[in-house]
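One structure is given here, and the rest of the page talks about it.
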Amino acid sequence: MKSLTKFVDSFGAILLAIIWIAPLLFAFWAATHSTSDAVNLRLFSPWTLENFRVAWNGAPWVKYFFNTFMLVTVILIGQFFLTTLAGFAFAQLRFPGKEFVFILVLMQLFILPEVLIVENYAMVSRLGLFDSILGVGMPYMASAFGIFLMRQAFKGVPIELHEAARIEGCGLLGILWRVYVPLAKPTYIAYALVSVSTHWNNFLWPLIVTNSPETRPLTVGLSIFGAPENGVDISIISAATLMSVAPLLIGFLIFQRQFVQSFLRAGIK
Amino acid sequence: MSAHANLERRRQAIYGWLLLSPAMVLLTVFAFYPSIATLWSSLFSRHTRRNPTEFVGTENYADLFADPTFWLVVKNNLLYAGITIPVSIFIALSMALWANSKISARGFVRTAYFTPTVLPMIAAANLWLFFYTPGLGVLDQIGSLFGLPSVNWLGQPETALWAIIIVTIWKEAGFFMIFYLAALQTIPEDLKEAADIEGTSRWTYTRRIVLPLLMPTTLFIAVNAMINSVKLIDHLFILTKGGPSDASKLILYYIWEMAFAFFDAPHAAAITVLVIAVLGVVAAVQFLYLDKRTHYQ
């Protein structure tokens, strides 16, 4: 009886896993076979890398990759800088108006940047940042989520360390830099992984703010490449899709454990 | 002594505001001001060559409420939320229970469940396009093996929104699983042992012990899923573009289309205000709940 339930459990779990991974496997299969073989599901047809070659030559992918890389880097640097300072102020300093400002920050958790696209677009244009990587990244830098996360991390630092550093003659910013930041390293790593994977995958806002191949990130490039008016077929779209998800996917498979733990750390606190 | 304390207090205040200011400036520029500006511009008419902008009060809202497309989009989004939230929570819970039990190939199972989470929605949509395409797609190929007729999943109003819903569930269930998995690992082993000694069935154990203990996690996930049901619309751009005849159009896509395809910013602003109002209610509920949870700790 016990072994039967175990068998049923394993069977169900693995079946669901296969269903869950199937779209990706099919895409891989389609990308490595000729279009006519792929659409007719000829399972034993020969393999080919031709689709990847066609897809690679069909769009400035190197530029797109570079843009996405720059975008996630710029956002991450901005977020680290801003959320460290604000998180520290909220966690360890006492000043009038703190509670009120903190509630304002928490409100931003629910006013999603995605919803404010119209006015943020106007704002970015006003600042002269339209069609620039900075323009895509800026609305995300002062992340309420990040501020909250850093505040929690800094609150966990023992006050004795703070006092000790102060007695040694360390200034407030010195204490932040030498005591708090090193101790919050796991939180930074977690936040970095979440931030990078979020913005690597972001689409709507970059679509609105970018207008040229010079600034377009991968997701926007991929959607334009796959648009029906470009007339590319399913095998080539699959190849392009796999190419653009490959870095994050391979990274995930290698660092799976850290990845999952980071998502947890970022989400639960 | 008191002079010293005074000095220290003033120092902290100055540092506090200095450290906050960069973040506050950006939050003001990209969150607070735009929210107010949205409310403001929703009260004005659209600027055209003939008619300059003028104050129209709630006319934009009245237009929306009189527009059947608006109600269709709201209905679509309610259905989208009403299906994706419970179904992805249920699947996430099943995934977590499985991934946490002693089954074979557990590593593979966990990876498979979580993988869609790291893909961009655009890429996910491309993958699913291969399933949905009429005649050539995988679903049709499988159907034809059983003699079923070809179905244009994305091209007919009855199925388009469902096709979108399935992609969303596929994308987010694995993400929610992680939170359940973490919560499951905090449930003490002795509860299971006690239940075994009492001869409790596994179903009763799950229903009476595990599920109640997972309740806070479920609420947390539900709020996230609710936010996702507003936010996750990228796949519409690839799969349906809101069609056919608006059957799969969701609110955020509608805002985008209104503002950037039809250049009707005032009406887009009016919808945005309504969405923010709804999110505000969700936020209030969340805060109340968070409050309650801190009392428990």
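Going down the list, the sequences are from chains B and P.
With my numbering, the residue at position 243 of the first sequence is 243, and numbering never jumps.
Just so we're on the same page, my numbering is the position in the second sequence counted from 1, plus 1000.
We put the beta carbon where it would ideally sit given N, CA and C, even for glycine.
Chain-ordered chain B contacts of residue i [CB-CB under 7 Å]
| i | result |
| --- | --- |
| Asp1234/P | Phe203 and Leu204 |
| Phe1260/P | Ile208 |
| Val1210/P | Here the premise fails: no neighbours, minimum Cβ distance about 15 Å. |
| Asn1228/P | Ordered by position in chain B, no residue passes the 7 Å Cβ test against Asn1228/P, which lies about 10 Å from the chain. |
N- and C-terminal bounds of the alpha helix (DSSP H) containing residue i
| i | result |
| --- | --- |
| Ser1021/P | Ser1002 to Leu1027 |
| Ala239/B | Ile234 to Ile254 |
| Leu218/B | Leu218 to Phe225 |
| Val196/B | Lys185 to Asn201 |
| Thr1080/P | A small fix is needed here, since residue 1080/P is Tyr in this sequence, not Thr. Counting along the chain, the alpha helix (DSSP H) containing Tyr1080/P begins and ends at Pro1068 to Asn1100. |
| Ser125/B | Ile117 to Arg126 |
| Thr1115/P | Arg1106 to Val1118 |
| Ala165/B | Ile159 to Ile167 |
| Trp1153/P | Where Trp1153/P is concerned, there is no enclosing alpha helix (DSSP H), given that its DSSP letter is neither H nor E. |
| Thr210/B | Neither: Thr210/B is in no alpha helix (DSSP H) and is coded neither H nor E. |
| Gly146/B | Ala144 to Lys155 |
| Arg1049/P | Segment: none, Arg1049/P is in no alpha helix (DSSP H) and carries neither H nor E. |
| Leu135/B | It is worth fixing the name first, because residue 135/B is Gly in this sequence and not Leu. Ile133 to Met141 is the span of the alpha helix (DSSP H), which, as asked, contains Gly135/B. |
Residues that residue i contacts on chain P, provided the C-beta gap is smaller than 8 Å
| i | result |
| --- | --- |
| Met150/B | The contacting residues do not exist; Met150/B stays about 10 Å from chain P at best. |
| Asp9/B | Trp1098, Ser1101 and Ile1103 |
| Pro213/B | By Cβ distance, chain P contributes nothing, its closest Cβ being about 17 Å from Pro213/B, past 8 Å. |
| Ser234/B | Position check: residue 234/B holds Ile in this sequence, whereas Ser was assumed. Within 8 Å Cβ-Cβ: Leu1129, Phe1130, Thr1133 and Leu1136. |
| Ile159/B | Correct list: empty, because the minimum Cβ distance to chain P is about 14 Å. |
Cross-chain neighbours of residue i in chain P, by beta carbon under 7 Å
| i | result |
| --- | --- |
| Glu114/B | Lys1231 and Leu1252 |
| Gln108/B | Leu1027 and Ala1031 |
| Leu172/B | Tyr1015 |
| Thr219/B | Pro1120 and Ile1122 |
| Ser197/B | Val1118 |
| Asn120/B | Phe1030 and Pro1034 |
Where residue i meets chain P, residues with beta-carbon distance less than 9 Å
| i | result |
| --- | --- |
| Lys98/B | Gly1016 and Leu1020 |
| Met138/B | Leu1026, Val1029 and Phe1030 |
| Phe69/B | Under the 9 Å cutoff, chain P gives no residues; its nearest Cβ is about 14 Å from Phe69/B. |
Residue i - DSSP class collapsed to helix/strand/coil
| i | result |
| --- | --- |
| Phe11/B | helix |
| Phe1260/P | helix |
| Phe1146/P | coil |
| Phe1055/P | strand |
| Phe1044/P | strand |
| Val1281/P | helix |
| Thr114/B | The question names Thr, yet the displayed sequence has Glu at residue 114/B. Of the three classes helix, strand and coil, the one that applies to Glu114/B here is coil, per DSSP. |
| His33/B | coil |
| Phe1234/P | According to the sequence shown, residue 1234/P is Asp rather than Phe. In the structure shown, Asp1234/P sits in a helix (DSSP, three-state: H, G or I). |
| Glu1198/P | coil |
| Phe102/B | helix |
| Arg1208/P | helix |
| Leu1161/P | helix |
| Asp1140/P | helix |
| Ala1298/P | This structure leaves residue 1298/P out entirely; chain P is present only between 1001 and 1297. |
| Thr1217/P | helix |
| Ile1103/P | coil |
| Ile1187/P | coil |
| Gly87/B | helix |
| Leu93/B | coil |
| Ser45/B | coil |
| Ala59/B | coil |
| Gly271/B | No answer is possible for residue 271/B: the residues shown for chain B start at 1 and end at 269. |
| Gly1174/P | helix |
| Thr73/B | helix |
Within chain B, the residues that residue i reaches when beta carbons sit closer than 9 Å
| i | result |
| --- | --- |
| Gly1199/P | Simply none; closest approach about 13 Å. |
| Gly1280/P | Met107, Phe110 and Ile111 |
| Pro1116/P | Trp20, Ile21, Pro23 and Leu24 |
| Thr1084/P | Chain B residues near Thr1084/P: none, gap ~16 Å exceeds 9 Å. |
| Thr1206/P | None at all; the shortest Cβ gap to chain B is about 12 Å. |
Partner residues on chain B for residue i, Cβ-Cβ distance less than 8 Å
| i | result |
| --- | --- |
| Asp1113/P | For the sequence presented, residue 1113/P should be read as Tyr rather than Asp. Chain B residues near Tyr1113/P: Leu16, Ala17 and Trp20. |
| Phe1256/P | According to the sequence as given, residue 1256/P is Trp; it is not Phe. By Cβ distance, chain B contributes Ile117, Leu204 and Ile208. |
| Val1087/P | Near Val1087/P there are no residues of chain B at all, since even the closest Cβ is about 13 Å away, more than 8 Å. |
Query raised in the report: How do the segment 1231-1251 of chain P and the segment 1087-1105 of chain P stand: do at least 3 beta-carbon pairs fall below 8 Å, yes or no?
Result: Result no; under three Cβ-Cβ pairs closer than 8 Å.
**Report entry** Three CB pairs or more closer than 8 Å across the segment 1208-1223 of chain P and the segment 1022-1042 of chain P
**Finding:** no
Requested in this report: Report the residues of the segment 237-250 of chain B with a CB closer than 7 Å to any CB of chain P, ordered along the chain.
Outcome: Ile237, Ser238, Thr241, Ser244, Val245, Leu248 and Leu249
Report task. Check whether the segment 112-128 of chain B touches the segment 1266-1281 of chain P, counting contact only when three or more Cβ pairs, one atom from each stretch, lie closer than 8 Å. Result -> yes
Requested in this report: Residues of the segment 183-195 of chain B with a CB closer than 9 Å to any CB of chain P: list them in chain order, please.
Outcome: When C-beta distances to chain P are compared with 9 Å, every residue of the segment 183-195 of chain B stays at or above that value.
Query raised in the report: Would you call the segment 203-220 of chain B and the segment 135-146 of chain B touching, i.e. three or more CB-CB distances under 8 Å?
Result: These segments touch.
Report task. Identify each residue in the segment 1146-1170 of chain P for which the Cβ-Cβ distance to at least one residue of chain B is less than 8 Å, and report them in chain order. Result -> Answer in chain order: Trp1170.
Query raised in the report: For the segment 1051-1069 of chain P, which residues have a CB atom closer than 8 Å to at least one CB atom of chain B, in sequence order?
Result: none
**Report entry** Three CB pairs or more closer than 8 Å across the segment 168-187 of chain B and the segment 140-148 of chain B
**Finding:** Counting C-beta pairs closer than 8 Å gives fewer than three between the segment 168-187 of chain B and the segment 140-148 of chain B, which falls short of the contact rule.
Query raised in the report: Given 8 Å as the limit, is there contact between the segment 88-97 of chain B and the segment 146-160 of chain B, that is, 3 or more CB pairs closer than that?
Result: yes
Query raised in the report: Taking contact to mean at least 3 C-beta pairs separated by less than 8 Å, is the segment 1144-1159 of chain P in contact with the segment 1261-1273 of chain P?
Result: no
Query raised in the report: Are there three or more Cβ pairs, one per stretch, closer than 8 Å when the segment 249-263 of chain B is compared with the segment 62-82 of chain B?
Result: no
Requested in this report: Return the residues of the segment 1173-1189 of chain P that lie within a Cβ-Cβ distance of less than 9 Å from chain B, sorted by chain order.
Outcome: Ala1173, Gly1174, Phe1175, Ile1178, Phe1179, Leu1181, Ala1182 and Ala1183
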